[in-house]
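Engineer: Note that numbering that gives the first Met the number 0 gives residue 427 to position 428 of the sequence shown, counting from 1, and the numbers run on in steps of one.
Virtual Cβ for every residue (Gly too), placed ideally from N, Cα, C.
None of the values given here were measured: they were computed from a predicted structure.
I am attaching a structure below and will ask some questions about it afterwards.
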Amino acid sequence: MHFLNEITIEKGGKEMGVIPVIQSQLMPPPVKESFMRRANLHKKLASIPHYPLTILHARAGYGKSTALTLFAHDIKVNSCWYSISPNDDDIIPFLTKFVHAVKAKYPGFGAAILTELQKLHNHISDEQLWSLISMVVNETIGLQTPVVIILDDYHHVQKSMVIEKWMKHFLEYIPSNLHVVISSRSKPSWGLLTSLKVKGELLEITQEDLMLSSGEIEHLLEDSYEITIESQDLERIHHLTEGWAIAVHMLAGSFRNGNFSGSFLENRSETLQDLFDFLALEVLSKQPFGHQEFLLKTSILDELSPLVCDALLDTVDSDSVLMKLSQQNVFIQEIDGRKYRYHALFKEFLQNQLKMKNAEEHARLNRRAARYFEKENIENAVYHYLEVAEYERAAHVISQSGKDLLQKGKLQTLLDYLKPIPEVLKNDFPILWFYQGEISRLRSSYEWAESCYKRAIEIGETIRDHYLMSISLEGVARIYLDTIQPDKAERVLQRAISLRERSDGSKEEMAELYHLLSENLLNSGQAVKAEKWYERAEALNLPLEEGNLKARIYLRTGRLNKARDLLFKKKNSTKDTGIVHLSQSHRETEILLSIIEAFRGRAEESKKYAEQGMKLGMDIQSPFVEACGWMRMGHAVQLIERYESYLAEKCYNTALDIMDTIDVPRGKAEPYMGLCILLGTQGQYEKAIEAGQKGLYETERVKDVWLSTLIQLCMGIAGIYCEKYESAYQVLVEVRSQFEECGDRYGMMLTSFWKAYAAYETGKEEVFTQEMKQFLTEMQAGDYQYFLKRRTTFGPADIQNFVPLLVKAQKHNIHSPSISELGMGSMDNHPGYTLKVSALGKFRIHLGNRVVSESDWQRGKAKELFEFFITNKNKLVGREEIFREIWPEQDEDAASRSFKVSLNSLLKTIEPHRKAREESYFIRRNGAFYGINPDAVFQLDTVLFEEWVTEGLTEKDPFQAKELLERGLKLYEGDYLPDHRFADWCLTERERLQVLFLRAAEMLAQVSVRLSDFETCIHWCERILMEEDTWEEAYRLLMFCYYQKNNRPQAIKWYGKCKKVLNAELGVEPMEPTKEMYRMITQAADLEIW
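This is how it looks when you write it as structure tokens:
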């Protein structure tokens, strides 16, 4: 039988330490005959599966482990057991064994968690902590069966801040099928316990619950020890021991002959501890001299084995002595095959006795044990040296073993070892200063950490220890990386690399340093240099946890297609493996894909990945990742025509709120960037610049040149939208220079375009020619043709803005073949914007982003003529028909004159920059026929409305149908061209669109009922009746909804309205289905809510 598993913790191919998992820690102790089942306590314990959390707390010796052992053996639900040891007081060993405890009962549990734990390097961040919580919660839910896990001796890890933090947050999200039992000498001081208690979700078993009653003491003595006592003596025992189980057992053990003597009850101990010492002395004195010596001398050991005891005592019979003591039940417990442990109280008593009798022997034994353990168990060796203040030997051992403790994540253990070591010895063993710095840095005590590293560096310089200097400099650099000081970090890392190369550092260490420097350079906007260092790390051919660093380098150098392809490859390679990764904050694959797709103009894809990123953030309880998802959603929503701009603003503000909540100001830069460009497109220049300045403040604080440059680009674009061309151009000149410094080809291309656009608007021919040539060259070189075809994050809000620039470029013979391939160079009369028309409800048109006001229509008939054309958008109409419909009261000559004047006014309104006698782009003439140019780029709300609702009417999936119908119906703000209510030429179109609205609204109401969304159904039925008050299906649906909402009076009222309206308007009764609905409502005895 194998009693010990070893879990190797690795990172970057380098062994990071071994976590021993002793199987006996994962199973309850065997039930002994002396164990007593207690009715009241058993009843309480039996209710454990009904509570998410049980806390059993009492001092040592009250039988906590005994009670839980009996419970674990008796319970019908699978119980997992974890006996926590003092060596488990750091998060990595604790979680490793926690997972193995569950895995012992459920073999399929925790493989992904253990994989992630193996990747961790001595410390985990808050995001990783949340991720591990999420993984444990999700895997436990996946077991789909009730699970009880008992954490015995939890007091051994209560001083670990990280474990306490993990437990508190884990219990906040504890899955419904998990029941955690914590046994400890003291009650945890967690704020959530009060809340759990109030909600009835906490079972608390206290010391009072564990105290033995008089009856239980009597039962124990008579059944287990065959001792018969008088009632008055029983009461004296109960009074003396106060129900303390270990004291009762010790009393009983003093009367092996079965005849009870009351003389022992004359003890006048002032405290229970005094009583214990008195009884323990009795137990010890009953042992043969040889056994007494064995007990006293081996009490210095935490764990006893024949081999260790023989080495300590220089004997060969320890095995038989241990077996005899165990059989006599002298407070010694077998914990594994031929391994034992004294009861904590008895061990403490024995050690005190040894110190009092022979302090020198106590010291000698500890030194002997330490020397033995130097070869077997370093932690035990340090413990024994410190026990007798052998600080120099302890420092020597720590200097050799501290790295292993760090790699195992045993920070608290190492810190406890370092604390008593005098500074003078730390100077003699300067690696100890490095270890002290590592612990402090990993616990965010950066000032003290840097001080420790600098002490190590100073001593390293004196003794010419390049390796010590290098690793200490790396520690300093990591502080600067953690606190986002990339300029300082770069200098320190360069020096650390130089020293490591001179000290023959391992390939793994060099790769790690190169990778650190690469990421630091990337974060400071030096992507070109970052890539060189990344390639140096990659050239070592070692596995690296690179956090999508290569894809981020591609992103920041404008190689968007490469970045996308690399991320897709990674995403697909891990899709079906079942491996769950810890949070990588802004480096998450989905988060990166979202922004890349937004930059590439694939808005729907960007939205999809942003949603996945937000969900991931919520799943792993990482607010930072969720906030990144929100800001990327803002970028996507800006690019999708069907969404109102306020939704993008809401996304950005949500991201800002989360960053404020978690106090990560650097994360606010990107949402401010999004707000800057959003407000700029809306013409709100001052607000746009204010948002940009706020974003710049955050990026300049952390020296992120690349993101700073993007924000400045947005400020320049905002200036162009608001026609502040000169100041915007000056900003763009600086932006261009910074993008060149960053090596971002995409950014250079963007800058050239906007400089060309500003030059075009201001008539600067030479600048336009130069920048347009640069733009087209960079667009082709970077494969950015999509920039002209789709709306992108930093492109124009209206992609028709490109056309006049391309037409002019072709005339100047700038990249003529390329422009011809795009099919845009021949549109000589293109106005450079999309004509957007809203005809449902109030009539409005936009020329790109500019609203056409009523005053822009110089003649009312010009507006009516345009409305006539869009009503007949699919055909050209003859002059005579136009005269007849628009000027019915005028003769042909007068109508002809009015038509010419109105048409000219119309063209000036929708194409204000059209040159005299130049052919119109939007209005086509073919002889005596006129109408909308079918090749022109229009956006008509009637067309969009019809497309969405038609698709929704045929969609089978109710959720998808609901989304499509809501999207289309949102466009229906009122009747078609309501100002021409009595005009014959638009009557047919108005009625057609109204019927389509009624059909779509009815379908949406019906779909909402299927989805039990009664409020939505009620809303759209009321809208239907506002349009057509005889639409009987709407009344039926309203009656049904109110019936389901348990509001029978309102349902009956709607039937009354239906009956009244149909009679008044049509002179008919409601149809039979409506009457049947009414009878069902009025005759129902009891209403049920679906």
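Beta strand (DSSP E) containing HIS845: first to last residue?
Structural biologist: Residues 843–846.
Engineer: I'd like to confirm the pairing. Which residues does DSSP put opposite VAL850 in its beta bridges?
Structural biologist: DSSP, once it has assigned bridges, lists HIS845 as partnering VAL850.
Engineer: Are ALA526 and THR556 closer than 9 Å when you measure CB to CB?
Structural biologist: For ALA526 and THR556, yes; Cβs fall inside 9 Å.
Engineer: What residue from GLU207, GLY62, GLY436 and SER124 has the CA that sits closest to PHE330's CA?
Structural biologist: Comparing Cα positions, the closest option is GLY62.
Engineer: On a CA-only basis, which of LEU655, LEU709, ASN848 and ALA529 is nearest THR680? Give me that one, please.
Structural biologist: Nearest option by C-alpha distance: ASN848.
Engineer: Using a threshold of 9 Å, state whether the C-beta atoms of ILE1051 and ILE1023 are closer than that.
Structural biologist: Cβ atoms of ILE1051 and ILE1023: not closer than 9 Å.
Engineer: Closest to LYS841 by C-alpha separation, out of LEU52, GLU866, HIS829 and LYS860, would be which residue?
Structural biologist: The shortest C-alpha separation from LYS841 is found at GLU866.
Engineer: Just the C-alpha distance for GLN583 and GLY524, rounded to the nearest angstrom, thanks.
Structural biologist: At GLN583 the pLDDT is 48, less than 50, meaning the model places this residue with poor confidence; the figure from the coordinates comes in the next sentence. The alpha-carbon atoms of GLN583 and GLY524 are separated by roughly 20 Å.
Engineer: LEU581 to LYS418, Cα distance in whole Å?
Structural biologist: Caution applies to LEU581, whose pLDDT of 42 falls short of 50 and renders its modelled position unreliable; the value that the coordinates give is listed next. The alpha-carbon atoms of LEU581 and LYS418 are separated by roughly 32 Å.
Engineer: Do GLN637 and GLY673 have their beta-carbon atoms positioned less than 9 Å apart in this structure?
Structural biologist: Closer than 9 Å, so yes.
Engineer: Among all the DSSP beta bridges, which residues are the ones paired with TRP80?
Structural biologist: Answer is ILE149, bridged to TRP80.
Engineer: Taking the CB atoms as reference points, tell me whether PHE275 and ALA246 lie closer together than 9 Å.
Structural biologist: Cβ distance < 9 Å, so PHE275 and ALA246 count as in contact.
Engineer: At which residues does the beta strand (DSSP E) containing SER183 begin and terminate?
Structural biologist: Run containing SER183: 177–183, per the beta strand (DSSP E) assignment.
Engineer: Whole angstroms is fine: what's the gap from GLN117's alpha carbon to SER194's?
Structural biologist: Spanning the two alpha carbons is a distance of roughly 35 Å.
Engineer: Please state the DSSP three-state secondary structure of TYR783.
Structural biologist: If DSSP states are grouped into helix, strand and coil, TYR783 belongs with coil.
Engineer: Does the Cβ of LEU992 have 16 or more other Cβ atoms within 10 Å, making it buried, or fewer, making it exposed?
Structural biologist: Answer is buried; the Cβ neighbour count reaches 16.
Engineer: Please name the residue, chosen from HIS41, SER84 and HIS49, that lies closest to HIS72 on a Cα-to-Cα basis.
Structural biologist: Ranking the options by Cα distance to HIS72, first place goes to HIS41.
Engineer: Using a Cβ-Cβ cutoff of less than 7 Å, which residues in the same chain neighbour GLU473 once the five nearest sequence positions on both sides are dropped?
Structural biologist: Same-chain partners within the cutoff: ALA495 and LEU512.
Engineer: In chain order, which alpha helix (DSSP H) runs of at least 4 residues are fully inside the region 497–551?
Structural biologist: Qualifying alpha helix (DSSP H) stretches, in chain order: 506–522 and 526–537.
Engineer: Secondary structure at ASN256, three-state DSSP: helix, strand or coil?
Structural biologist: Note that ASN256 scores 43 on pLDDT, short of 50, meaning its location in the model is unreliable and no value can be drawn from it.
Engineer: Given a cut-off of 9 Å, decide if VAL624 and GLY633 are closer than it, judged by their beta-carbon atoms.
Structural biologist: Going by C-beta atoms, GLY633 is not nearer than 9 Å to VAL624.
Engineer: Report yes if the C-beta distance between ALA717 and TYR684 is below 9 Å; otherwise report no.
Structural biologist: Yes, the pair counts as a contact, with Cβ atoms nearer than the cut-off.
Engineer: Of all the options TYR651, ARG440, HIS979 and LEU943, which has the alpha carbon lying nearest to the alpha carbon of ARG966?
Structural biologist: Measuring from the Cα of ARG966, the nearest candidate turns out to be LEU943.
Engineer: If we call anything under 9 Å between Cβ atoms a contact, is HIS290 one with VAL315?
Structural biologist: The answer is no: Cβ separation not under 9 Å.
Engineer: Do you know offhand how far ILE885's Cα is from GLU863's?
Structural biologist: ILE885 and GLU863: Cα-Cα distance of roughly 8 Å.
Engineer: Contact defined as beta carbons within less than 8 Å: I believe GLU1027 pairs with LEU995. What is the distance between those atoms, to the nearest angstrom?
Structural biologist: That pair is no contact at about 12 Å.
Engineer: Do GLN769 and GLN737 count as a contact pair if the criterion is CB distance below 9 Å?
Structural biologist: It is not a contact, given that the beta carbons lie outside the stated cut-off.
Engineer: Just checking my contact of PHE372 with HIS361 at CB under 8 Å: how many whole Å lie between their CB atoms?
Structural biologist: Actually they are not in contact, since the Cβ atoms of PHE372 and HIS361 sit about 16 Å apart, beyond 8 Å.
Engineer: From LEU1010 to LEU1003, what does the alpha carbon distance come to, in whole angstroms?
Structural biologist: The alpha-carbon atoms of LEU1010 and LEU1003 are separated by roughly 10 Å.
Engineer: Can you tell me whether ARG440 is buried or exposed, with buried defined as 16 or more other CB within 10 angstroms of its CB?
Structural biologist: Burial call: buried.
Engineer: Using DSSP's beta-bridge definition, name the partner residues of ASP335.
Structural biologist: Per DSSP, LYS338.
Engineer: How big is the Cα-Cα spacing for ALA642 and GLU507?
Structural biologist: A small fix is needed here, since residue 642 is Tyr in this sequence, not Ala. Rounded to the nearest angstrom, the two C-alpha atoms are 50 Å apart.
Engineer: What does DSSP give as the partner residue(s) for ARG923 in the beta ladder?
Structural biologist: DSSP lists GLY930 as partners of ARG923.
Engineer: Indicate the three-state DSSP secondary structure (helix, strand or coil) for THR1073 in the structure shown.
Structural biologist: Helix.
Engineer: Looking at HIS155 and LEU52, is the spacing between their C-beta atoms short of 9 Å?
Structural biologist: Contact flag unset, no.
Engineer: Using 10 angstroms around the beta-carbon of ALA927, count the other beta-carbons present and answer buried if the total reaches 16, otherwise exposed.
Structural biologist: ALA927 is exposed by the Cβ-count criterion.
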